[in-house]
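Here is the structure we will look at, set down as structure tokens.
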Amino acid sequence: MTHHHLTDEAKPLHAPARQLTLRFSATRRGARLARRLAVQQFTEWTDLPYDADPARAVALVTAELASNAVRHGSLPGRDFRLALLLLPDRFRVEVTDTRPERRPPRPTNLGPPAVDASSGRGLLLVEVYADRWGCDVPDDYTKTVWAEVRHQPLNLSPHPRPVHARTEAVGQVRES
């Protein structure tokens with residue numbers, strides 16, 4: 005088997021400011037927990053709220069990559085690995101599984117699923133919601149499918165960012 009090493013496109017553009025890697029069981033529950041963890045880490049690391057567009061994109065991208073690892077990339081008794089990397093302007097999700105021979109199509113080769121298909125739309129959603137994504141096969145035993153979602157640039161000042169609060173105008177205040 006030919007080894008495919010990280011291409012310049014597959015490598016993160018910058019060294020991560022923060023990184024977390026965990027293993028999950030290759031089950032639907034494992035995929036769901038991976039999605040929840042990714043969103044939790046994203047909101048904690050970026051101070052963006054759960055309902056911000058980038059957080060929603062992270063949830064969708066992670067759900068698709070993790071569920072694909074469970075459905076197409078798992079061998080009995082093997083887990084999948086989730087790596088989360090906070091980069092200066094992006095959040096990178098990497099899902100590694102044990103089926104390197106089952107690679108996703110290249111982003112440029114994605115086509116629409118059959119009209120009557122009940123699945124096959126996941127990577128199309130990743131293509132829409134991720135700023136870039138791809139696949140790396142570093143050895144004969146694993147493959148990593150990754151996606152990056154842009155967020156606001158990191159505030160590197162020593163002062164913490166204010167907590168996001170939702171405020172609503174209730175009415176006008178009148179002075180008497």
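So in my numbering, the last one in the sequence shown is 180, and the numbering has no gaps at all. Where a beta carbon is used, it is the ideal one built from N, C-alpha and C, also for glycine. Just so it is clear, the structure is predicted and the values come from calculations on it, not from any experiment.
Contact set for residue i: own chain, Cβ-Cβ below 6 Å, skip 5 residues either direction
{"i": "residue 76", "result": "106"}
{"i": "residue 50", "result": "155"}
{"i": "residue 98", "result": "87, 148, 150"}
Whole-number beta carbon distance between residue j and residue i, since they are thought to touch under 8 Å
{"i": "residue 78", "j": "residue 30", "result": "4 Å"}
{"i": "residue 130", "j": "residue 68", "result": "5 Å"}
In DSSP terms, what residue i is bridged to
{"i": "residue 136", "result": "152"}
{"i": "residue 74", "result": "In DSSP, residue 74 forms no bridge with anything."}
{"i": "residue 98", "result": "87, 150"}
{"i": "residue 26", "result": "86"}
When the options are compared against residue i, the one with the closest alpha-carbon
{"i": "residue 82", "options": "52, 88, 100", "result": "100"}
{"i": "residue 138", "options": "52, 145, 128", "result": "128"}
{"i": "residue 134", "options": "86, 109, 65", "result": "65"}
{"i": "residue 142", "options": "61, 126, 104, 40", "result": "104"}
{"i": "residue 126", "options": "53, 61, 46, 26", "result": "61"}
{"i": "residue 95", "options": "110, 52, 102", "result": "52"}
Beta-carbon spacing of residue i, residue j below 7 Å
{"i": "residue 90", "j": "residue 21", "result": "yes"}
{"i": "residue 42", "j": "residue 28", "result": "no"}
{"i": "residue 92", "j": "residue 153", "result": "no"}
Close-in-space but distant-in-sequence residues of the same chain around residue i (CB under 8 Å, 5 per side omitted)
{"i": "residue 23", "result": "87, 88, 89, 90"}
heavy atom of the ligand NAD below 6 Å from residue i C-beta
{"i": "residue 67", "result": "As presented, the structure is devoid of all ligands, the ligand NAD included, so that no description of it is given."}
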